[in-house]
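Under the UniProt record's numbering, the residues of the sequence shown are numbered 1 to 165, in order. Every residue gets a Cβ at the ideal spot worked out from N, C-alpha and C, and that includes glycine. Fair warning: this is a prediction, and the values are worked out from it, not measured in the lab. Written out below as structure tokens is the structure these notes cover.
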Amino acid sequence: MSAKKTEAEIIDFPKAKAEKTISSTERIWGKAVCSHGYAGIPSILIKGQRRLGLSPMQLNICIQLLDYWFDPARKPFPSKKDLAQRIGCTEKTVQNNVREMEKAGLIKRQLRKTAAGDWNSNIYHLDGLVEKVQALEPEFATERKERAERKTQLVKPGGLKAKSK
């Protein structure tokens with residue numbers, strides 16, 4: 001038998017087009033809204049706001065900074081003016097709250113200069129925030145487990161126990 005196959009021996013199967021899966025975020029907000037981007041904000045950050053010691057303004061600043069953080073290797077660097085305009089407060093309010101978050105170890109500011117030597121916006125390192133949110137995760141896991149255990153102990157009307165998943 002020859003090493004070359006004739007055209008009759010070659011079967012050409014049509015390739016199925018891979019369907020793009022739509023993210024749950026896109027299903028909720030719609031493609032048009034999501035086409036402008038969205039920020040990854042862990043629920044533990046939102047639910048753990050008080051445990052992290054974040055005021056509502058500080059949480060808002062964190063969310064704004066996360067919206068600028070597209071790549072883990074490239075830290076966000078919005079200006080105080082941009083942050084203040086987005087939030088609807090003064091630049092001084094942003095500055096004071098960032099300073100407080102820096103004292104709490106959540107944020108680290110890095111001064112930045114232009115090529116001409118003028119001061120530019122700060123680079124914001126959020127490693128402290130990430131570490132503190134990660135440190136809260138075991139507490140949230142324990143709480144989830146306890147809720148699941150309590151749920152299995154519930155008695156439904158008619159004397160039937162709730163099914164455990």
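Work out the CA separation of residue j and residue i for me, nearest whole Å.
{"i": "Glu149", "j": "Asn120", "result": "53 Å"}
{"i": "Ile22", "j": "Ala116", "result": "45 Å"}
{"i": "Trp29", "j": "Ile46", "result": "19 Å"}
{"i": "Ile87", "j": "Leu136", "result": "27 Å"}
For a quick check, are the C-beta atoms of residue i and residue j less than 8 Å apart?
{"i": "Lys132", "j": "Leu65", "result": "no"}
{"i": "Lys113", "j": "Val94", "result": "no"}
{"i": "Gln58", "j": "Glu91", "result": "no"}
Closest to residue i by C-alpha separation, out of the options, would be which residue?
{"i": "Gly37", "options": "Phe77, Asp67 and Cys62", "result": "Asp67"}
{"i": "Val130", "options": "Glu91, Ala73, Ile107 and Cys89", "result": "Ile107"}
{"i": "Leu83", "options": "Pro56, Glu102 and Cys62", "result": "Cys62"}
{"i": "Ile123", "options": "Pro138, Pro56, Lys156 and Ala73", "result": "Ala73"}
Identify whether residue i lies in helix, strand or coil by the three-state DSSP scheme.
{"i": "Arg147", "result": "helix"}
{"i": "Ile41", "result": "coil"}
{"i": "Trp119", "result": "strand"}
{"i": "Arg74", "result": "strand"}
{"i": "Lys31", "result": "helix"}
Would you decide whether residue i is buried or exposed? Buried here means 16 or more other CB atoms lie within 10 Å of its CB.
{"i": "Ile44", "result": "buried"}
{"i": "Leu111", "result": "exposed"}
I'd like to know whether the C-beta of residue i is nearer than 8 Å to at least one C-beta of chain D.
{"i": "Leu52", "result": "Checking the listed chains, one finds no chain D in this structure; it contains a single protein chain."}
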